[in-house]
Amino acid sequence: LEIRSFEGPQYLRDGGNLRKIFLYQHSVPSGKREMWGLFMGPSKKAVVIVLDTVRTNQLPTLKNLFTSERLALLKGESENFTEDNLPPADMTFESFMEIDQKQVYQKLSRLLSAYKDEKRGPTILCVQTALGLQKLNQ
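When you line the sequence shown up against this note's numbering, it's residues 7 to 144, in that order.
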């Protein structure tokens, strides 16, 4: 054992240069439908994937929905929401409909790999899902 000082590397100490991307998954209790969202603020890109038994797009225009919700938060009386802590106004949205869960996982894997290849610096992936980490790592 060696005694070392905590005065080591400073690159993540303040967290100011740490980028955040978010992966969200929601499933219907029947288990036949799921919705996945990957929100990459540093890339100004969001991808929504719907897993269903049929390939029909019933999503509203996501850009319009995002813009109206963002403006409502900014105009609200809460001081918690400012331009600094909300996603950028010029986010782009893509939506995909899939009928095979394997296709969903492959698409998410490709998107995360593409983000990694962009080399945007230290990034944390925040995950909110009903699935366990073991299932996600498969």
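By construction, the Cβ of each residue, glycine as well, lies at the ideal position given by its N, Cα and C atoms.
Residue i, buried or exposed, once every other Cβ within 10 Å from all chains shown has been counted against 16
i, result
"K40", "This sequence places Glu at residue 40; Lys is not what is there. Looking at its Cβ environment, which holds 16 or more other Cβ atoms inside 10 Å, E40 is buried."
"I130", "exposed"
"A136", "exposed"
Identity of the residues DSSP links to residue i by a beta bridge
i, result
"L51", "Checking the sequence, you will find Lys at residue 51 rather than Leu. According to DSSP, K51 bridges with M46, T98."
"S33", "E40"
"V133", "L29"
"L104", "It is worth fixing the name first, because residue 104 is Glu in this sequence and not Leu. Answer is L57, bridged to E104."
Same chain only: Cβ atoms within 7 Å of residue i, ignoring 5 sequence neighbours per side
i, result
"N68", "Contrary to the premise, residue 68 reads as Leu rather than Asn in this sequence. If we look at L68 and ignore the five residues flanking it on each side, its Cβ neighbours are V54, F99, S101."
"K50", "P94, D96, M97, T98"
"Y121", "I27, M46, S49"
Own chain partners of residue i with C-beta closer than 6 Å, once the 5 adjacent residues on each side are dropped
i, result
"F28", "F45, C132"
"M32", "For clarity, residue 32 is His in the given sequence; the question names Met instead. M41."
Cβ distance (whole Å) where residue i is taken to contact residue j below 8 Å
i, j, result
"P48", "R116", "With a Cβ gap of about 17 Å, P48 and R116 do not count as contacting."
"L79", "L92", "6 Å"
"Q112", "Y30", "No, Q112 and Y30 are not in contact; Cβ-Cβ is about 18 Å, not under 8 Å."
Neighbourhood of residue i by C-beta distance below 8 Å, restricted to the same chain and skipping five residues each side
i, result
"R25", "G47, P48, R126, G127, P128, T129, I130"
Inset, instruction - Inspect the CB distances between the segment 50-65 and the segment 83-92 and report whether three or more fall short of 8 Å. - result: no
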